[in-house]
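Residue numbers for the sequence shown follow UniProt numbering, beginning at 1 and rising by one. Quick reminder that beta carbons are idealized off the backbone N, C-alpha and C, glycines included. Okay, structure first, notes after.
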Amino acid sequence: MSEAATRDRAGEGHDRAAAVGTGAPAASDAGKREQPAADKTSSDKAPGDKAPGDKAPGDRARADTAQAGKPGARGVALGKYITIDTGVRLPHLDRPTALAYGASDSRTPTEQVFVLVCDPQVPPRLDALHSLAKLRGVPLMIPVDWGPVAWGEGGQRRYAICYDRPVDPVLAPVGGELPQLREDQLIERILRPLFRTFRELYARGLTHRAVCASNLYLAEGGNGACLLGECASAPAGMTQPAVYEPIDAGQALAVGRGSGALSDDLYALGVLMALILRGQDPFQNSDPAAIAAQKISKGSYAAIMGQARVSLTLMEPLRGLLCDRIDERWSLHQLEIWLNGRRQSPKQPSLPTKARRAFNFQGRDYWTAPALSHALATNWQDALRVLSSGELERWAERSLADEKQSKQLAATLASAQAGDGGDDRALARALVALDPAAPIRLREFAARIDAIPQALALGFDDRDRRTAFVEVLRSKLPQRWLEAQPQQRPDHPQVLQQFERMLWYIERDQPGYGMERVLYEYNSGWPCQSPLLAGSYVSEMEDLLPALERRAEQDVPDSAPIDRHIAAFCGANMKPAPDRMIQGLGDPNPANRAQATVTLLADLQRRYGPTQLPALCEWMARRLAPLTESLHNRHVREKVNRRIERAVKSGSLAELRAAAAGSDLRQRDQQAFAHAKAQYAQLARDIAWLEEGGLTSPASIARATRSVATAASAIAAGLIVVVATIVYVT
């Protein structure tokens, strides 16, 4: 559903022209780009990170362009006012997981807008769109409208976000040279505008997580402020080049960086300043692991700036923003003080404490625990052999300067017995003890603690990713990570409780729970991944039943309308959660499962509509055979079937449920059946008695003879009395 479409932009007072202008991008700007941005993040992924949406983005663009050229396919509606012109591709505005198209807004026809059509496998930040749309007066690309749109053939739906089209070119395309700016230009055109943007984002509890030269628009020459690009078309941090990420985020998979904190955006701002001053990216062709290794060994400032010279004026914010220790990194308040003219001495980098002697691994000496931890994590199999040899434990006891860390590492290694070739759990725990600031790492899995559910979601179809996620929970790695932190935060108990709840869901292998429940419970706004809803992009409960109705109109599948994904999606998004109905979906009795299914569907229609769902009712009616066949009276079954037919025509799932599972009707049927069973049992006993000679046995004959004699005697006596009485009277 389009949330922003109901707003009247004319009454919002949003001065879009002040932020992005009204002109179209220059043709020369489009020509400067060598490739769409969708192809530009492959070099920024950690090894083994196969992020969805990165496969053949050029093929997606060609396919979308081909579709756009078909007659009648050019105009696609987004909400009430936005019309996407699918025949106008804007590759210079592409994002790594979204393709840009021209669009128009009927409310402001003189202003140019464009739309980003998101990759269906990489959902946008739906939880951030509402807050972003409320921002005013900041140089940030603000969403105008958003929602699912009909895209391509076969009823496919994609998520689209509309923005005002920027006038200025991007600061530097991926792989391109950065412009040289004077010190005053850097401060006035970039630092001050981004400071205001961060302040407004922080006030609303948001992070941008896409601050980089390829997502910043700045006019060539002139004195205008920059425009920070959009940040909602992909999960937070996923598309950010690794050089802009702090060390811990750079060590994680691209899908495991997460929303992070304001300190991450401030660090990215420091990197942006450093690269502009250098005029190039020294890590342009480096993989994320190599970038993180350089930052760990030298510190971020030295690794990025190298031998480049910088004035004392700018050295202060550079060193402050590029501090690798979060507690020493500049805050928004410190940046504001500096912008207001108050100068301080530049911070000196805080490098990890060196050990008494180096640890040799793969022919290289490592003098610090974080550097060794990073090397072990990026060479897992060799690290397992080192772990099983006992060398790491001996080095920690004899060489680490931090006695507390040494004891913790020794205790961790002693608590886990390594098997043949080492033990994954023991190594993962050892990495946490060596470098508590690093992400949680297990084989190819690496994610910040707050991004672990997001890493699962973006790799849900990857069996290895799911296996690693379960292993992370079962081995209590999040708990170990929290315990290892030098400073405990007030939210740590809540985080710990969340992971314990995740494990509880996973251990319940029934519809509505399991991995699917974790997927939707801890990834707000994540679209339902059910195969029954393929291409429908259902991220809100109001869209679920209409999507199932469209699926039923195409052809009725030979399965129930509710599978594990839909059950978990309902459990996570319906408030209050329909736990009792969901539990019935796993009942071994087919009749009970059918009743639970139709009951849940009826409740969905009651809460979210629409009022008529004839195709879905027909689909569900076919699945009610076990329920109707459980009725014992043939006439009652025929009556129920007629009622079901009427309910299907009405399109009401509530009527369908009442017709098939009416409690009064079923209760009377059960009572009548119980009475019939009792009668049948009595007749069966009588027949068995007769067949066993009950009437012809001596005992039965004697009993019958005595009964007859007694009756005959009584009759004779009565006759005698009557005759005697008559004689006496006469």
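Boundaries (first-last residue) of the beta strand (DSSP E) holding residue i
| i | result |
| --- | --- |
| Cys570 | Taken as a continuous stretch (DSSP letters only), Cys570 belongs to no beta strand (DSSP E), being part of the alpha helix (DSSP H) at Arg564 to Asn573. |
| Asn215 | Run containing Asn215: none; DSSP gives neither H nor E here. |
| Arg398 | Not the beta strand (DSSP E): Arg398 falls in the alpha helix (DSSP H), residues Glu391 to Ser399. |
| Asp579 | Counting along the chain, Asp579 falls outside any beta strand (DSSP E), though it belongs to the alpha helix (DSSP H) covering Asp579 to Gly584. |
| Tyr244 | Looking at the DSSP string, Tyr244 is not in any beta strand (DSSP E), and its letter there is neither H nor E. |
Rounded straight-line distance, which links the Cα of residue j to that of residue i
| i | j | result |
| --- | --- | --- |
| Gly154 | Arg551 | 10 Å |
| Ala684 | Asn592 | 31 Å |
| Asp248 | Lys295 | 10 Å |
| Gly718 | Asp686 | 35 Å |
| Ala410 | Gln251 | 24 Å |
| Glu483 | Arg489 | 11 Å |
| Ala5 | Glu111 | For Ala5, the predicted structure reports a pLDDT of 42, less than 50, and the residue's modelled location is therefore unreliable. The matter cannot be settled from this model. |
| Val255 | Ser233 | 14 Å |
| Leu433 | Gln487 | Residue identity differs from the one stated: residue 433 is Ala in this sequence, not Leu. So the two alpha carbons sit approximately 14 Å from each other. |
| Tyr680 | Ala688 | 12 Å |
| Leu181 | Val113 | 29 Å |
| Gly693 | Val640 | 45 Å |
| Leu218 | Pro193 | 11 Å |
| Thr599 | Ile644 | 14 Å |
| Ala103 | Tyr537 | 21 Å |
| Arg634 | Leu477 | 59 Å |
| Arg107 | Leu132 | 20 Å |
| Leu186 | Tyr81 | 38 Å |
| Ala37 | Leu93 | Here Ala37 scores only 36 on pLDDT, less than 50, and its place in the model should not be relied on; the value that follows carries that caveat. Each residue's Cα considered, the two are about 8 Å apart. |
| Arg325 | Gln344 | 19 Å |
| Ile142 | Asp264 | 20 Å |
Residues that residue i bridges to, as DSSP identifies them
| i | result |
| --- | --- |
| Leu78 | Ile82 |
| Cys617 | Beta-bridge pairing links Cys617 to no other residue. |
| Cys118 | Ala98 |
| Arg158 | Val149 |
Start-to-end residues for the alpha helix (DSSP H) that takes in residue i
| i | result |
| --- | --- |
| Tyr537 | From DSSP, Tyr537 is part of no alpha helix (DSSP H); its letter is neither H nor E. |
| Ser145 | Residue identity check: residue 145 is Asp in the sequence provided, not Ser. Here Asp145 belongs to no alpha helix (DSSP H); instead the beta strand (DSSP E) covers Pro143 to Ala150. |
| Val518 | Gly514 to Glu521 |
| Ile247 | Ile247 to Gln251 |
| Ala426 | Asp424 to Leu434 |
| Ser104 | Per DSSP, Ser104 belongs to no alpha helix (DSSP H); it is in the beta strand (DSSP E), Ala98 to Asp105. |
| Ala172 | Here Ala172 belongs to no alpha helix (DSSP H), and DSSP marks it neither H nor E. |
| Asn641 | Arg634 to Ser650 |
| Arg593 | Pro590 to Tyr608 |
| Leu496 | His492 to Glu507 |
| Asp265 | Leu262 to Arg278 |
Counted within 10 angstroms of its Cβ, other Cβ atoms place residue i as buried (16 or more) or exposed
| i | result |
| --- | --- |
| Asp360 | Before going further, note that residue 360 is Asn rather than Asp in the sequence given. So Asn360 counts as exposed. |
| Trp338 | buried |
| Ile720 | exposed |
| Gly584 | buried |
| Thr86 | buried |
| Arg356 | exposed |
| Tyr728 | exposed |
| Trp504 | exposed |
| Asn215 | buried |
| Val723 | exposed |
| Asn523 | buried |
| Ser331 | exposed |
| Asp365 | exposed |
| Thr710 | exposed |
| Ala676 | exposed |
| Ser311 | exposed |
| Glu549 | buried |
| Glu316 | buried |
| Leu690 | exposed |
| Pro588 | exposed |
Top-ranked residue by Cα proximity to residue i, from the options
| i | options | result |
| --- | --- | --- |
| Gln381 | Glu220, Gly651 and Asp424 | Asp424 |
| Leu351 | Ala428, Ala457, Asp435 and Tyr520 | Asp435 |
| Gly609 | Pro96, Asp579 and Met541 | Met541 |
| Pro96 | Gly512, Tyr81, Leu78 and Pro124 | Pro124 |
| Pro109 | Cys118, Thr83, Asp94 and Pro120 | Thr83 |
| Arg204 | Gly152, Leu262 and Pro169 | Leu262 |
| Gln284 | Thr313, Pro241 and Gly152 | Pro241 |
| Ala437 | Gln344, Arg480 and Trp619 | Arg480 |
| Gln121 | Gly390, Ser539, Leu413 and Glu507 | Ser539 |
| Ile276 | Ile190, Cys323 and Thr239 | Ile190 |
Cβ-heavy atom distance, residue i to the ligand SAM, below 7 Å
| i | result |
| --- | --- |
| Arg463 | Among the components of this structure there are no ligands whatsoever, and the ligand SAM is therefore not found. |
Closer than 8 Å to chain D by CB, residue i
| i | result |
| --- | --- |
| Asn379 | Among the protein chains of the structure shown there is no chain D, as only one such chain exists. |
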